[in-house]
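Chemist: Can you read through this structure? Questions will come right after.
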Amino acid sequence: MTIILARERLYTAVWITPIGQLARQLGITSARLRDACMTMAVPLPPLGYWNAHKAGNNPIATPLPPHNGLCEVRIGAEKRVSPPRTVAPATKPASVAQPRLVPIAVWAAMVFGEHAPHSNTLLRWIHDGRIQPQARKIGRKWWVAPTAEYRED
1 MTIILARERL YTAVWITPIG QLARQLGITS ARLRDACMTM AVPLPPLGYW NAHKAGNNPI
61 ATPLPPHNGL CEVRIGAEKR VSPPRTVAPA TKPASVAQPR LVPIAVWAAM VFGEHAPHSN
121 TLLRWIHDGR IQPQARKIGR KWWVAPTAEY RED
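The sequence shown begins at 1 in full-length UniProt numbering and counts up one residue at a time.
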């Protein structure tokens, strides 16, 4: 839908109704309405104009200056149509994946339960090679596969 506005009509509409409300009535954004006003040299109400108007003061409207350019402007209403969402169907049901690595203390709690050894004992086991596959140090923590085993040699 295209809206055709004459310069004088746009001027009176902008000074009677706030720009945000007028833009909503026309089905366009306030930025597009401001652009149309700038294109046709239509002055806009200054900041505080509508507050003074609501307070009962009669603020003075800036007169419409003479203009030799466009007499009317065409504004196309915006269509807000989003593309349809397409979600690929799942081929398999989502399975709960095990983490690749877990902290050594978490692994000990998983394997030994409430009888998990102290962290110093776990570090000794790592250095002695008793935990297989071998634990890795990442940052300041030791990490191990959740399927790792303790081997007493």
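Built from N, CA and C at the ideal position, the CB exists for glycine as well.
Identify, in the order they occur along the chain, each residue of the same chain with its Cβ nearer than 7 angstroms to the Cβ of Ala52, setting aside the five sequence neighbours on each side.
Modeler: Closer than 7 angstroms at the Cβ level, and outside the excluded window around Ala52, lie Pro59.
Chemist: Identify the residues that DSSP records as bridge partners of Ala6: which are they?
Modeler: Its beta-bridge partners are Glu72.
Chemist: Alpha carbon to alpha carbon, how far is Ile19 from Thr39?
Modeler: Answer to the nearest angstrom: the Cα atoms are 16 angstroms apart.
Chemist: Return the first residue and the last residue of the beta strand (DSSP E) that Ile138 is part of.
Modeler: Where Ile138 is concerned, the enclosing beta strand (DSSP E) stretches over 136-138.
Chemist: Cβ of Arg7 within 9 angstroms of Cβ of Leu47?
Modeler: No, they are not a contact pair.
Chemist: Cβ-heavy atom distance between Val14 and the ligand ATP below 8 angstroms?
Modeler: As far as ligands go, the structure on display features none, and thus does not contain the ligand ATP.
Chemist: On the DSSP letters alone, give me the boundaries of the beta strand (DSSP E) that Val144 sits inside.
Modeler: Segment 141-144, the beta strand (DSSP E) holding Val144.
Chemist: Alpha carbon to alpha carbon, how far is Asn57 from residue 161? Give it in angstroms, no decimals.
Modeler: Shown here, the chain extends from 1 to 153; a query on residue 161 therefore has no answer.
Chemist: So the candidates are Thr147, Trp125, Lys137; which of them puts its Cα closest to the Cα of Gln98?
Modeler: Checked all of Thr147, Trp125, Lys137; the closest Cα to Gln98 is Thr147.
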